[in-house]
Amino acid sequence: MKRVWFGCLGVLWIGISLEAKVVVYPWIEDSALPEDGRYEVYVRGTKSGKEWRELQVFTVDVDMDTRSKAAMAQFDADEPVDVKVVAVGKTVDDVKIRPLARGISYSKAGEHALVFRLDRPAKLSVEFGGDRLGNLHLFANEVEKETYAGKDGDDVIVWDGGSKDIFRKNCRLIYFGPGVHKPKDLPNNEINIPSNCTVYLAPGALVKAKFRVDKAENVRIVGRGMLFQPLRGVEITHSRRVHVEGITVINPQHYTIFGGESRDVTVRNIKSFSSRGWSDGIDLMCCRDWLVDDVFLRTSDDCLAFYNHRWWYWGGSSDLTVQNSVLWADVAHAINVAGHGDDRSAEGELFCRATFRNIDVLNVDEDDDNYRGVMSVCCGDKNRVEDILFEDIRVEDCEEARLIDVRVLFNEKYNREPGGSIRDVTFRNVTYQGEGGKMYPMRIKGYDENSDIRGVTLENVVLDGEKMKDLSGVEMNGHVNDVQVK
Numbered sequence: 001m002k003r004v005w006f007g008c009l010g011v012l013w014i015g016i017s018l019e020a021k022v023v024v025y026p027w028i029e030d031s032a033l034p035e036d037g038r039y040e041v042y043v044r045g046t047k048s049g050k051e052w053r054e055l056q057v058f059t060v061d062v063d064m065d066t067r068s069k070a071a072m073a074q075f076d077a078d079e080p081v082d083v084k085v086v087a088v089g090k091t092v093d094d095v096k097i098r099p100l101a102r103g104i105s106y107s108k109a110g111e112h113a114l115v116f117r118l119d120r121p122a123k124l125s126v127e128f129g130g131d132r133l134g135n136l137h138l139f140a141n142e143v144e145k146e147t148y149a150g151k152d153g154d155d156v157i158v159w160d161g162g163s164k165d166i167f168r169k170n171c172r173l174i175y176f177g178p179g180v181h182k183p184k185d186l187p188n189n190e191i192n193i194p195s196n197c198t199v200y201l202a203p204g205a206l207v208k209a210k211f212r213v214d215k216a217e218n219v220r221i222v223g224r225g226m227l228f229q230p231l232r233g234v235e236i237t238h239s240r241r242v243h244v245e246g247i248t249v250i251n252p253q254h255y256t257i258f259g260g261e262s263r264d265v266t267v268r269n270i271k272s273f274s275s276r277g278w279s280d281g282i283d284l285m286c287c288r289d290w291l292v293d294d295v296f297l298r299t300s301d302d303c304l305a306f307y308n309h310r311w312w313y314w315g316g317s318s319d320l321t322v323q324n325s326v327l328w329a330d331v332a333h334a335i336n337v338a339g340h341g342d343d344r345s346a347e348g349e350l351f352c353r354a355t356f357r358n359i360d361v362l363n364v365d366e367d368d369d370n371y372r373g374v375m376s377v378c379c380g381d382k383n384r385v386e387d388i389l390f391e392d393i394r395v396e397d398c399e400e401a402r403l404i405d406v407r408v409l410f411n412e413k414y415n416r417e418p419g420g421s422i423r424d425v426t427f428r429n430v431t432y433q434g435e436g437g438k439m440y441p442m443r444i445k446g447y448d449e450n451s452d453i454r455g456v457t458l459e460n461v462v463l464d465g466e467k468m469k470d471l472s473g474v475e476m477n478g479h480v481n482d483v484q485v486k
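Numbering (this note's numbering), first residue to last: 1 to 486.
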């Protein structure tokens, strides 16, 4: 096996082998993150070898309403693989591998086991007997292209479990190796990341802290390790040129990733689970030029919540893209935009050019009708909303939701003023296939003649196999104009 070594940031950047391989992570021993005895998961490459290799399966908390225990396992591969799942005590009779759009079929490998093949990376839910609360989440990642190794030095910190002085200006790499890391004596249990620094979480690393990037630039947080029960996962405020990729966040107390008044940020291949109130997936406030790509978010509040002004962040939002992702909202919305803004400004802040494309929504369950939208554009606090695109969105059975909710509103709980206006929102190639859940009618409503909606396009929207042909069944009012069904 050949490896090419590159010098990078004063440390060793290890190149990736060109040979086909499957990477199984080192085992993590921590009583707070127990192994899940309900499943055994094995993987083998179709080119690099025929021996089954066992993955560590963890228990993760999901759905704050039921406080359920699901399971999660992951690995890396750069070749097609076979996966074997053994479900202890369950029979292989009624199994779904979702997203259903992946079209993954399986074969039985005994009374309690099944086998299926993956030809490319995937983020899957494997469900036996319709069990969505005790299911297995399986993440097949591509092999890391960016890994680091090195020794403690003037510009490298190899974390050994204690507190570290990471505020020195020449710090270029913070390295978390395999094992459990619980920083000591840090305010708010957070690790501040300076400019021009890379944080690497090796496979098998479990870090019990929050990463905070504030007033910094040129920061990278990468790897296959995990953040466990942080106050927030990664917080990016007043910063630019930040890249977060590959890590998993388990049960944060608040958001998985929070952005405030930051721009030029990429978030890729992040996996997350949450089970508390206000434990949203990715929340952005007054951010610009963000790309969120290939993420899996199972949350007990909004999976995605993108706003204008809130708290200490000002200036409106623009040029936000989310693509190639899987969303699962045990509570609240899958996608929620424009709820908060600067109600004290004369004209209101502008929220514009947001795109959501190629997304699978596995479930949405919300009791409160004010927050039921799978795709929600609910404009408050004088916000002006323009140019929003939802494209190639596949929604599977929802327990309780509205597929589309577009409103200028005044939410007494969160707003101090009604929203301003909504212009040019497009839903293109949207499908919903229900299996008995309660899907309420779509809703498009303005607030009054000065806070109205104009220009909503519903193009190739398919509901339970039937293409939408007109607006019958859509709840609307007199403050809406130019709504087209194509």
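Each residue gets a CB set at the ideal place from its N, CA and C atoms; glycine is no exception.
Since we're looking at a predicted model, the values are computed, not measured.
Asked, Found
"Same chain only: Cβ atoms within 8 Å of E475, ignoring 5 sequence neighbours per side", "P441, M442, R443, I444 and K445"
"For V24, the nearest candidate out of L136, E144 and L133 (CA to CA)", "E144"
"Cβ-Cβ distance between V337 and V377 below 7 Å", "yes"
"Three-way DSSP call (helix, strand, coil) for Y255 in this model", "coil"
"Selected residue, minimal CA-CA separation from A305, among D367, A329 and D294", "A329"
"Residues bridged to R240 [DSSP beta-bridge criterion]", "E217 and R263"
"Those runs of the alpha helix (DSSP H) which lie wholly inside the stretch 267-297 and span at least 4 residues", "none"
"Where P418 falls: helix, strand or coil (DSSP)", "strand"
"Burial state of V88, where buried means 16 or more other Cβ atoms lie within 10 Å", "exposed"
"Separation of V480 from K469, as counted between CA atoms", "19 Å"
"Cβ pair G204, P183 closer than 7 Å", "no"
"Same chain, Cβ closer than 6 Å to T248, neighbours up to 5 away in sequence not counted", "M226 and K271"
"Pair within 7 Å by beta-carbon distance, G436 and C398", "no"
"First through last residue of the beta strand (DSSP E) which encompasses I359", "L350 to V364"
"Any 3 or more C-beta pairs closer than 8 Å across the stretch 51-59 and the stretch 99-119", "no"
"Other residues of its chain near D343: CB distance less than 6 Å, five sequence neighbours each side excluded", "D381, K382, R416 and E417"
"Reduced DSSP category for D470 - H, G, I as helix; E, B as strand; rest coil", "coil"
"Reduced DSSP category for N188 - H, G, I as helix; E, B as strand; rest coil", "helix"
"Boundaries of the beta strand (DSSP E) in which N370 is found, first to last residue", "First-last for N370: undefined, no H or E at that position."
"Neighbour-count burial assignment, S472, 16 or more Cβ in a 10 Å radius", "exposed"
"Whether E217 touches R241 by CB criterion (7 Å)", "yes"
"Alpha carbon of R3 to alpha carbon of D78, nearest angstrom", "Its pLDDT being 30, under 50, R3 is placed unreliably in this model, and the value from its coordinates should be taken loosely. The alpha-carbon atoms of R3 and D78 are separated by roughly 16 Å."
"Where R423 falls: helix, strand or coil (DSSP)", "strand"
"Residues near E449 in its chain [Cβ-Cβ closer than 8 Å; skip 5 each side]", "H479"
"Cβ-based burial, A401 [other Cβ within 10 Å; buried from 16]", "buried"
"Neighbourhood of G233 by C-beta distance below 6 Å, restricted to the same chain and skipping five residues each side", "L227, V249, P252, T256 and I257"
"Bridge partner(s) assigned by DSSP for T321", "L291 and T355"
"Member of L231, E245, D214 and P230 whose CA lies at the smallest distance from the CA of S239", "D214"
"Beta-carbon spacing of L55, A71 below 7 Å", "no"
"Simplified DSSP assignment, three categories, for L100", "helix"
"Close-in-space but distant-in-sequence residues of the same chain around R212 (CB under 6 Å, 5 per side omitted)", "E190, N192 and E235"
"Collapsed DSSP secondary structure at F6 in the structure displayed", "Caution is warranted here: a pLDDT of 29 is assigned to F6, below 50, making its placement in the model unreliable, and no coordinate value can be reported."
"DSSP-derived helix/strand/coil call for T457", "strand"
"Continuous beta strand (DSSP E) stretch holding K445: start and end", "R443 to K445"
"Closest residue to A113 among P99, F139, T91 and D360 (Cα-Cα distance)", "T91"
"Given W159 as reference, the closest of V331, L138, G129 and A209 once Cα atoms are compared", "A209"
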